[in-house]
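Engineer:
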Amino acid sequence: MHVEKSCFIPEIQEEREVFLSRMGKNPFYVFMDETSGKVAGYISAEYLEKIPESASEVALNHKPSGKKTNIIYISSFALLPEYRGEGLGKEMWNCSCALFSKLPGVKTLVLLVNEEWKGAAHIYERAGFKTVNVFEDFFPKTDGIRSKGILMCKELF
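Here the sequence shown is numbered in our numbering, starting from 1 and rising by one per residue.
The following block contains the structure:
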């Protein structure tokens with residue numbers, strides 16, 4: 001939860017119970033700093049029955065079903081600020097996607113990115129993700145205005 005609180009504004013932080021429900025039946029990887037032994041970040045995912053068509057299907061703090069399907073929704077990816085700027089985020093992202101693609105039966109990766117997170121969107125695009133939908137007014141901001149959520153998918157071969 002330290003990583004969640006350090007990486008996201010309070011309006012989009014997910015609850016501890018949501019993380020616990022994802023960890024039990026869904027892919028959840030923690031990135032460790034081998035030098036210090038401290039947690040550096042995480043990637044959280046869950047199985048989906050279908051590619052989301054509405055924002056409510058991927059709303060913040062929703063509880064995952066845990067039923068294994070051929071679609072993985074990457075619900076959160078975070079790297080502590082002190083580990084950014086050295087290419088570690090890109091490396092961890094690519095390693096995580098490789099792990100997801102090796103899960104039995106998985107054919108599609110899905111994620112949702114805030115329209116304002118240009119750096120993250122760039123990494124996802126370079127990894128082969130394509131925009132498939134845009135959810136208006138999805139992400140809350142500290143100023144009360146909401147920003148778009150961009151739904152992206154990557155088909156695995």
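Don't be surprised by glycine CBs; every beta carbon is placed ideally from N, CA and C.
1) Glu116 and Ser147 look like a contact to me (Cβ under 8 Å); what is the Cβ gap, rounded to whole Å?
2) Just list the residues that DSSP pairs Pro140 with in beta bridges.
3) Rounded to whole angstroms, what is the Cα-Cα separation between Val30 and Glu57?
4) Hey, how far is the Cα of Pro52 from the Cα of Lys38?
5) Within this structure, are the beta carbons of Lys90 and Ile43 separated by less than 8 Å?
6) Report all residues from its chain with a CB closer than 8 Å to the CB of Ala127; omit the five preceding and five following residues, and keep chain order.
7) Which value, in whole angstroms, describes the spacing of the CA atoms of Leu79 and Ala40?
8) Along the beta strand (DSSP E) that carries Leu99, what are the first and last residues, could you check?
9) Helix, strand or coil: which one does DSSP assign to Val3?
10) Taking Ala55 as the reference, which of Pro81, Asn114, Leu99, Gly119 has the closest Cα?
11) Considering Val18, what are the terminal residues of the alpha helix (DSSP H) in which it resides?
12) Once the 5 residues before and after Asp33 are set aside, which same chain residues still bring their CB inside 8 Å of it?
13) Which whole-angstrom value is the C-beta distance of Glu136 and Asn61, which I expect to be below 8 Å?
14) Does the separation of the CB atoms of Thr142 and Glu11 fall below 8 Å?
15) Considering Cα atoms alone, identify which of Phe139, Thr35, Ser101 is closest to Phe8.
Structural biologist: Let's see:
1) 5 Å
2) Arg146
3) 25 Å
4) 35 Å
5) no
6) Trp93, Asn94, Cys97, Lys154
7) 6 Å
8) First-last for Leu99: 88-101, but that is the alpha helix (DSSP H), not the beta strand (DSSP E).
9) helix
10) Asn114
11) 16-25
12) Val39, Ala40, Tyr83
13) Going by Cβ atoms, the distance from Glu136 to Asn61 rounds to 19 Å, so no, they are not a contact pair.
14) yes
15) Phe139
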